[in-house]
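Enquirer: Quick mapping for you: the protein sequence lines, in order, are chains A and B.
In case it helps, the working numbering puts the first sequence at residues 3 to 233.
In case it helps, the working numbering puts the second sequence at residues 3 to 233.
2 protein chains.
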Amino acid sequence: MNVEHYADAAISRIAAAIGEPARARILYCLMDGHARTSTELSVVAEVSPSTGSVHLSRLKAERLVKVVVQGKHRYYSLEGPNVAHTLEGLSVLAGGSRARFVPNTPSRLRVARTCYDHLAGTLGVLLHDRFQTLRWLSVDSTEAYDLTPHGAKAFEALGIDLEVTRMLRRRFAYGCLDWSERRPHIGGALGAALLKVALKRKWVLQDLDSRALGITSLGRREMLARFGVHV
Amino acid sequence: MNVEHYADAAISRIAAAIGEPARARILYCLMDGHARTSTELSVVAEVSPSTGSVHLSRLKAERLVKVVVQGKHRYYSLEGPNVAHTLEGLSVLAGGSRARFVPNTPSRLRVARTCYDHLAGTLGVLLHDRFQTLRWLSVDSTEAYDLTPHGAKAFEALGIDLEVTRMLRRRFAYGCLDWSERRPHIGGALGAALLKVALKRKWVLQDLDSRALGITSLGRREMLARFGVHV
DNA sequence: TTCATACTTTGACGGTAGACGAATTATTCA
DNA sequence: TGAATAATTCGTCTACCGTCAAAGTATGAA
């Protein structure tokens with residue numbers, strides 16, 4: 003059976019799954035990479051638990067979310083970075099020409115935010131460029147970034163275990179295109195590890211109900227001292 | 003008014019517009035970058051002209067397609083590369099894990115195809131890499147590729163007027179990520195110009211009802227002679 | 001074992017989105 | 001000008017999708 007012949011039908015199924023307002027609220031809420039329970043998501047979606055459950059099973063059937071069962075809780079999260087990226091793509095289209103000419107994205111999202119599970123926004127792009135300038139990161143098109151020996155040293159110094167990071171079943175690092183900046187930031191396992199460190203050391207604080215990240219004064223100092231980046 | 007606060011609603015509107023089967027057929031058909039009339043698209047969508055017209059006005063309202071009026075014909079086409087990319091993203095999600103493990107994309111689409119209005123597939127990626135090796139193309143992340151003096155000479159030799167190409171109201175060249183190869187090919191005005199030359203000189207032939215491109219034996223010879231690329 | 005909590009499944013209901021044909025507008029060609 | 005073609009608008013109809021309450025399952029605590 004030729005799948006390609008029915009590609010339009012497949013696209014429409016996925017898009018329809020995303021296109022229902024309650025389901026879109028669920029997906030948008032999950033874009034920060036966190037997992038949430040069925041009831042939490044039903045509240046976000048502004049529907050009853052039963053309705054929420056129906057929506058979630060639809061999203062699961064379409065492989066847009068995955069679920070981890072833990073006792074009587076079911077934790078739902080986006081199925082993977084691809085899903086997050088496509089949602090970003092849709093939000094760019096949704097922004098339309100308005101966003102292109104008068105960027106009215108709230109500055110909190112522009113300055114620093116999460117992109118699925120790594121750093122994005124101005125800060126993400128600044129770090130990306132800085133690491134390149136410092137020759138910590140060898141960049142070869144959008145795919146397969148890697149750390150130079152210098153870079154490896156620097157990341158180890160942050161407490162990131164590169165052995166472990168490389169073992170993860172995902173791409174190590176790549177240029178993830180930032181829709182607000184239209185320039186790449188660091189995605190992949192390395193980007194996720196970096197965000198984790200930044201959160202752990204309280205360089206940035208995570209907003210509970212959006213993907214915005216707040217930079218602390220400690221964060222500012224450290225960014226300058228460690229990377230020479232003014233935020 | 004804070005647009006970001008309603009981002010989920012905006013996403014859902016766009017996705018719902020794409021998610022209707024007839025509209026998905028229309029969009030998918032337009033992914034080759036060509037413009038088509040309302041009646042043609044109604045046939046593709048398998049609906050009556052009146053229904054097709056309603057769908058098209060919805061797609062226009064959501065800025066997914068644009069229309070050029072020429073006499074009594076209305077030519078519809080995708081609003082821009084962003085739309086095509088997002089549709090590609092959706093089709094990747096639609097492919098699901100199957101596509102990841104057993105790539106069952108028909109080989110005709112893998113070898114060479116159009117991505118909106120430029121060359122993609124194995125051929126597109128091969129050329130991209132070759133131009134880089136030859137130092138014709140200076141690649142700086144995904145954004146803002148440019149031609150080196152050598153590259154400029156080579157492209158002019160193909161009959162491409164770079165003055166004109168640079169004047170177009172779109173990005174000159176950039177790395178466009180290829181979903182079948184997971185590597186970049188040349189997008190933007192330069193990529194479009196290259197495809198135009200390849201079609202004009204009959205190096206590749208365009209399939210009428212898909213984005214597949216067939217490479218002619220002349221094309222093979224020229225690719226080898228001019229670029230040192232084996233196809 | 002029994003109660004409580006988390007979540008899903010089922011069934012009935014209502015609103016809306018998409019379908020078409022007929023009528024209308026717009027443009028070309030004779 | 002009038003006929004022919006392209007496309008849209010309008011009115012009506014139907015089918016499906018999302019909604020919820022209630023009943024059902026599963027897990028954990030008392």
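Glycine included, C-beta positions come from ideal geometry on N, C-alpha and C.
Shortest alpha-carbon distance to V94/B belongs to which of A195/A, S50/A, D10/A and G97/A?
Expert: Here the question's residue 94/B lines up with position 92 in the second sequence. The option with the nearest alpha carbon to V94/B is D10/A.
Enquirer: Quick one: Cα of R223/B to Cα of R132/B, how far?
Expert: Within the second sequence, residue 223/B is the residue found at index 221, counting from 1. Within the second sequence, residue 132/B is the residue found at index 130, counting from 1. If you take the alpha carbons of R223/B and R132/B, they lie about 16 angstroms apart.
Enquirer: With respect to the beta strand (DSSP E) encompassing V206/A, which residues constitute its N-terminal and C-terminal limits?
Expert: The sequence position of residue 206/A within the first sequence is 204, counting from 1. Element bounds for V206/A: V206 to Q208.
Enquirer: Mind listing, in chain order, the continuous alpha helix (DSSP H) runs of no fewer than 4 residues lying wholly within the region 15 to 72 of chain A?
Expert: Qualifying alpha helix (DSSP H) stretches, in chain order: 23 to 32, 40 to 47 and 51 to 63.
Enquirer: Please look up how many angstroms separate the CB atoms of V67/B and L80/B, rounded, as I've assumed it's under 8 angstroms.
Expert: Within the second sequence, numbered from 1, the residue matching residue 67/B stands at position 65. Within the second sequence, numbered from 1, the residue matching residue 80/B stands at position 78. About 6 angstroms separates the two Cβ atoms, so the contact holds.
Enquirer: Alpha carbon to alpha carbon, what distance is there between H130/B and V231/B?
Expert: Taking the second sequence and counting its residues from 1, the one referred to as residue 231/B is at position 229. Taking the second sequence and counting its residues from 1, the one referred to as residue 130/B is at position 128. Roughly 11 angstroms separates the two Cα atoms.
Enquirer: With distances taken Cα to Cα, identify the nearest neighbour of S2/A among Q72/A, L43/A and E64/A.
Expert: Missing from the structure shown is residue 2/A; chain A here goes from 3 to 233 and no further.
Enquirer: Would you list, in chain order, the members of the region 7 to 30 of chain B that have their beta-carbon closer than 8 angstroms to a beta-carbon of chain A?
Expert: Going along the region 7 to 30 of chain B in chain order, one finds A9, D10, A11, A12, I13, S14, R15, I16, A17, A18, A19, I20, G21, E22, P23, R25, A26, R27, L29 and Y30 with a Cβ nearer than 8 angstroms to chain A.
Enquirer: Does the Cβ of R25/B lie closer than 6 angstroms to at least one heavy atom of the ligand ZN?
Expert: Inclusion of the ligand ZN in the displayed structure is not the case, the ligand content being empty and no account of it being possible.
Enquirer: Taking G177/A and P186/A to be in contact with their CB atoms under 8 angstroms, please state how far apart those CB atoms are, rounded to whole angstroms.
Expert: Within the first sequence, the letter at position 175 stands for residue 177/A. Within the first sequence, the letter at position 184 stands for residue 186/A. Indeed they touch by this definition, with Cβ atoms about 3 angstroms apart.
Enquirer: Using the C-alpha atoms, what's the distance from T135/B back to G123/B?
Expert: As a first step, residue 123/B must be located in the second sequence, where it is residue number 121. As a first step, residue 135/B must be located in the second sequence, where it is residue number 133. Cα-Cα distance, rounded: 19 angstroms.
Enquirer: Identify every run of the beta strand (DSSP E) within the region 135 to 175 of chain B, keeping only runs that are complete inside it and at least 3 residues long; order them along the chain.
Expert: Within the region 135 to 175 of chain B, no complete beta strand (DSSP E) run reaches 3 residues.
Enquirer: Please compile the residues from chain B whose C-beta is within a distance smaller than 7 angstroms of the C-beta of G91/A.
Expert: Stepping through the first sequence from its first residue, residue 91/A is reached at position 89. Result: H87, T88 and G91.
Enquirer: Exposed or buried, what is E48/B when buried is set at 16 or more other beta-carbons lying within 10 Å of its beta-carbon?
Expert: By 1-based counting over the second sequence, the position of residue 48/B is 46. Classification of E48/B: exposed, given that the 10 Å Cβ count is below 16.
Enquirer: Please confirm whether A191/A has its beta-carbon closer than 7 angstroms to some beta-carbon of chain B.
Expert: To locate residue 191/A, count along the first sequence from 1; it is residue 189. No, A191/A does not count as interfacial toward chain B.
Enquirer: Please classify E234/A as buried or exposed, where buried requires at least 16 other C-beta atoms within 10 Å of its C-beta.
Expert: No statement about residue 234/A is possible, as the shown extent of chain A runs from 3 to 233 and does not include it.
Enquirer: Which same chain residues, not among the five before or five after R60/A, have their C-beta less than 8 angstroms away from its C-beta?
Expert: Stepping through the first sequence from its first residue, residue 60/A is reached at position 58. Answer for R60/A: A19 and R25, listed in chain order.
Enquirer: Smallest Cα separation from L170/A: which of A154/A, G216/A, A86/A and A195/A?
Expert: Here residue 170/A refers to the residue found at position 168 when the first sequence is read from its first residue. Of the listed residues, the one whose Cα sits closest to L170/A is A195/A.
Enquirer: I want to see whether chain A comes within less than 7 angstroms of L95/B, judged by CB atoms only; does it?
Expert: Locating residue 95/B in the second sequence gives position 93, where the first residue counts as 1. Yes, its Cβ sits closer than 7 angstroms to a Cβ of chain A.
Enquirer: Within 10 Å of its beta-carbon, does V166/B have 16 or more other beta-carbons around it, so buried, or fewer, so exposed?
Expert: The count along the second sequence starts at 1 and reaches residue 166/B at position 164. That one is exposed.
Enquirer: Report the three-state DSSP secondary structure of H120/B (helix, strand or coil).
Expert: Within the second sequence, the letter at position 118 stands for residue 120/B. Strand at H120/B.
Enquirer: Quick check on DSSP: helix, strand or coil for A114/A?
Expert: Taking the first sequence and counting its residues from 1, one reaches residue 114/A at position 112. Looking at A114/A - three-state DSSP - the assignment turns out to be coil, as it is neither helix nor strand.
Enquirer: Quick check on the DSSP output: the beta strand (DSSP E) that includes S79/B runs from which residue to which?
Expert: The residue you call residue 79/B lines up with position 77 of the second sequence. H75 to L80 is the span of the beta strand (DSSP E), which, as asked, contains S79/B.
Enquirer: Between which two residues does the beta strand (DSSP E) carrying L215/B extend?
Expert: Your numbering for residue 215/B matches position 213 in the second sequence. Run containing L215/B: L215 to I217, per the beta strand (DSSP E) assignment.
Enquirer: What does the alpha-carbon distance come out to for the pair A175/B and L149/B?
Expert: Start at 1 with the first residue of the second sequence, and residue 175/B comes out as number 173. Start at 1 with the first residue of the second sequence, and residue 149/B comes out as number 147. Answer to the nearest angstrom: the Cα atoms are 9 angstroms apart.
Enquirer: Cα separation between D209/A and G216/A?
Expert: Sequence index remark: in the first sequence, residue 209/A carries index 207 (1-based). Sequence index remark: in the first sequence, residue 216/A carries index 214 (1-based). Roughly 7 angstroms separates the two Cα atoms.
Enquirer: In the DSSP assignment, the alpha helix (DSSP H) including G230/B goes from what residue to what residue?
Expert: Taking the second sequence and counting its residues from 1, one reaches residue 230/B at position 228. Note, G230/B: premise wrong, no alpha helix (DSSP H); not H, not E.
Enquirer: Skipping 5 residues on each side, what residues in its chain have a beta carbon closer than 8 angstroms to that of R27/B?
Expert: The sequence position of residue 27/B within the second sequence is 25, counting from 1. Closer than 8 angstroms at the Cβ level, and outside the excluded window around R27/B, lie V46, A47 and E48.
Enquirer: Whole angstroms is fine: what's the gap from A154/A's alpha carbon to V199/A's?
Expert: For the purposes of this step, residue 154/A is identified with residue 152 of the first sequence, where counting begins at 1. For the purposes of this step, residue 199/A is identified with residue 197 of the first sequence, where counting begins at 1. Answer to the nearest angstrom: the Cα atoms are 15 angstroms apart.
Enquirer: Which two residues bound the contiguous beta strand (DSSP E) that contains R185/A?
Expert: In the first sequence, residue 185/A corresponds to position 183, counting from 1. Note, R185/A: beta strand (DSSP E), R185 to G189.
Enquirer: Short check: CB of Y8/A to CB of R38/A, under 7 angstroms?
Expert: Here residue 8/A is taken as the residue at index 6 of the first sequence, counted from 1. Here residue 38/A is taken as the residue at index 36 of the first sequence, counted from 1. Taking 7 angstroms as the Cβ cut-off, Y8/A and R38/A do not qualify as a contacting pair.
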